[in-house]
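The opening position of the sequence shown corresponds to residue 946 in my numbering, with each subsequent residue numbered one higher.
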Amino acid sequence: MKRVRLVLILALGIVLVSGCGKSEYADIAEAIRAGAVLGENIEIDEMDVSGMEVARARRALSREKDAYLASLQYEVHAGEGSVHVSAAELGASSDLDDVLLRALCLAQYYPSANKAREFHTSVSIDEQKLKKQAENIAAALNVAPQNATAVYDARAEGGFLYTESIEGFSVDAERLADQLKIAVLAERNASIEPYIDTIPAEYTAEHARADTQLITEFSTSFKSATYGKANRVFNIAKAAELIDGTTIAPGEEFDMNAILGPRNAENGWKEATGIRDAVYVQEYGGGVCQVSSTLYNAVLMADLRVTDRTHHSWPLGYVDIGRDATISTGGPNFKFQNTQEVPITIGAQTDKEKKKITISVYGRPLADGVTIQISSKKVETLPEPETEVIVDESLAPGIQQVVREPRRGSVAVTYKEYYDANGNLLHKEQVTKDKYRSIKGITHVGPGGSATSAEIAP
946 MKRVRLVLIL
956 ALGIVLVSGC
966 GKSEYADIAE
976 AIRAGAVLGE
986 NIEIDEMDVS
996 GMEVARARRA
1006 LSREKDAYLA
1016 SLQYEVHAGE
1026 GSVHVSAAEL
1036 GASSDLDDVL
1046 LRALCLAQYY
1056 PSANKAREFH
1066 TSVSIDEQKL
1076 KKQAENIAAA
1086 LNVAPQNATA
1096 VYDARAEGGF
1106 LYTESIEGFS
1116 VDAERLADQL
1126 KIAVLAERNA
1136 SIEPYIDTIP
1146 AEYTAEHARA
1156 DTQLITEFST
1166 SFKSATYGKA
1176 NRVFNIAKAA
1186 ELIDGTTIAP
1196 GEEFDMNAIL
1206 GPRNAENGWK
1216 EATGIRDAVY
1226 VQEYGGGVCQ
1236 VSSTLYNAVL
1246 MADLRVTDRT
1256 HHSWPLGYVD
1266 IGRDATISTG
1276 GPNFKFQNTQ
1286 EVPITIGAQT
1296 DKEKKKITIS
1306 VYGRPLADGV
1316 TIQISSKKVE
1326 TLPEPETEVI
1336 VDESLAPGIQ
1346 QVVREPRRGS
1356 VAVTYKEYYD
1366 ANGNLLHKEQ
1376 VTKDKYRSIK
1386 GITHVGPGGS
1396 ATSAEIAP
């Protein structure tokens, strides 16, 4: 019977030491307000807190635990990025308050003891804070994919320089939270490689190359003495340089006059022969119409939509009849719309040695290898105009001065011819029907003279 009583007493002692029973304090705040004091021979996390007020012991131990949780460091690395975070920042905390209450409870039942009674705190974690931090870390490490690029460079093969696309990735935040939780609860520093999901780029170099193919190019010459004068060639080269590399987004309209700007001395243009009011004159930017006409043909061959185009007063030598496009500052313009689903780029190169300008259009080639050729023909010659004779008092009697030569007009029709990949004509459609009106001549004569008898002024 004595042996049974001894066993029961020992068992009760074990229960009191480990579970202690119910403390007289509901929580740590109440214990602090009551000025509760810990019993003798009590150590918490190897710190002797014997006889201390709970508030004092809590302050000392909290400093220790805060420093400890801050010292637990985790490096999360993915790709070339990494994030460092502490256990404290992840929402880790200790059960210090619970341990203090257990120590008080023990003192309540065993106010004194012959040997140290040891208590140890453990780490817990705020699941919501951990989840939020894992999401923040994932967001910091996530790498967006980089699409391939195509940059126009006339010197490059094919006209473009390309950069390859780069895959991105996203960190699995939910699984990262689990990885961090395991490391925190194990109370050890750790280097963590999170689970990632690869994100492919939407636009690859293959796409970029497919969208920047040479659709077509067209050249005109300025070899003749009329078209090859230095100032005129200068203006051609300047205009070509201004439009070279222009990219037009899908649905966007190209505006030639807007890109070239006013042609005047202030903007660096030179005087060369141009046509104004059906008369050859010297004007700033003379020659730019050869650029707009060359571009017009390239645009037709690329099957883009011409939205604004005016032909010259009469056909010109550098392009077939019906295939010209005049422009002028504050006057006629040349515009077209990009009807493709991808941007198009205009290349414009002036070759002064070969005396020609070449304009290229880059984008997606026509489907199934289809190409377009342009043809035109004169379908009608208009009646010969008369010459108007005007008496000019400033001229000497018998002197005549030809102000404008008469020109017979004509009518021209321009066609698009669609060919398949084997060179077979698929169909032909009319693009324009242009009427170059007849232009009457104008001659000034001195008083008393006539256009048939007067001497021509030098």
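All C-beta atoms, glycine included, are put in the ideal place defined by N, C-alpha and C.
Extent of the continuous alpha helix (DSSP H) run through residue i
i, result
"residue 1066", "Looking at the DSSP string, residue 1066 is not in any alpha helix (DSSP H), and its letter there is neither H nor E."
"residue 1123", "1118–1130"
Where the beta strand (DSSP E) containing residue i begins and where it ends
i, result
"residue 1088", "From DSSP, residue 1088 is part of no beta strand (DSSP E); its letter is neither H nor E."
"residue 893", "No statement about residue 893 is possible, as the shown extent of the chain runs from 946 to 1403 and does not include it."
"residue 1322", "1316–1326"
"residue 1265", "That residue, residue 1265, is in no beta strand (DSSP E); it is neither H nor E in DSSP."
"residue 1362", "1355–1364"
"residue 1253", "1250–1253"
"residue 1344", "1344–1349"
"residue 1094", "1094–1097"
DSSP-derived helix/strand/coil call for residue i
i, result
"residue 1375", "strand"
"residue 1201", "helix"
"residue 1389", "strand"
"residue 1226", "strand"
"residue 1238", "helix"
"residue 1396", "Here the model assigns residue 1396 a pLDDT of 48, short of 50, so the residue's position is not dependable, and the following value carries that caveat. In this structure, residue 1396 counts as coil in the three-state DSSP scheme."
"residue 1370", "strand"
"residue 1285", "coil"
"residue 1048", "helix"
"residue 962", "Any reading at residue 962 is ruled out, since the residue's pLDDT is 43, under 50, leaving its predicted position unreliable."
"residue 1138", "coil"
"residue 1103", "helix"
"residue 1296", "strand"
"residue 1331", "coil"
"residue 1312", "helix"
"residue 1215", "coil"
"residue 1040", "coil"
"residue 1210", "coil"
"residue 1278", "coil"
"residue 1305", "strand"
CB-CB length for residue i against residue j, believed under 8 Å
i, j, result
"residue 1088", "residue 1114", "6 Å"
"residue 1354", "residue 1382", "5 Å"
"residue 1191", "residue 1181", "Their Cβ separation, rounded to whole angstroms, is 16 Å, which puts residue 1191 and residue 1181 out of contact at 8 Å."
"residue 1263", "residue 1167", "7 Å"
"residue 1249", "residue 1282", "7 Å"
"residue 1416", "residue 1183", "For residue 1416 there is no data in the structure shown, the boundaries of the chain being 946 and 1403."
"residue 1321", "residue 1267", "4 Å"
"residue 974", "residue 999", "10 Å between Cβ atoms; not a contact."
"residue 1319", "residue 1359", "7 Å"
"residue 1170", "residue 1107", "With 8 Å as the limit, residue 1170 and residue 1107 do not qualify as a contact, their Cβ atoms being about 43 Å apart."
"residue 990", "residue 1009", "7 Å"
"residue 1236", "residue 1185", "6 Å"
"residue 1229", "residue 1209", "5 Å"
"residue 1036", "residue 1011", "Rounded, the Cβ-Cβ distance is 13 Å, inconsistent with contact."
"residue 1271", "residue 1255", "5 Å"
"residue 1014", "residue 1033", "4 Å"
Chain C contact for residue i (CB, 8 Å cutoff)
i, result
"residue 1332", "Within the model displayed, chain C is absent; a lone protein chain is all it includes."
heavy atom of the ligand SAH below 7 Å from residue i C-beta
i, result
"residue 1148", "As presented, the structure is devoid of all ligands, the ligand SAH included, so that no description of it is given."
Using 8 Å as the cut-off, can you tell me whether the stretch 1142–1160 makes contact with the stretch 1171–1183, which would need three or more C-beta pairs spanning the two stretches below that distance?
no
Secondary structure, beta strand (DSSP E): runs of 3+ residues fully inside the stretch 968–1026
987–989, 1018–1023
For the stretch 1328–1348 and the stretch 1302–1320, state whether three or more C-beta atom pairs, one from each stretch, are separated by less than 8 Å.
no
Which runs of the alpha helix (DSSP H), 4 residues or longer, sit entirely within the stretch 1150–1196?
1150–1155, 1175–1188
Would the stretch 1133–1145 and the stretch 1095–1103 be scored as touching if the rule is three or more Cβ pairs under 8 Å?
no
Contact the stretch 1340–1352 vs the stretch 1368–1377: 3+ CB pairs below 8 Å:
no
Would you say the stretch 1271–1287 touches the stretch 1110–1130, given that touching needs at least three Cβ pairs under 8 Å?
no
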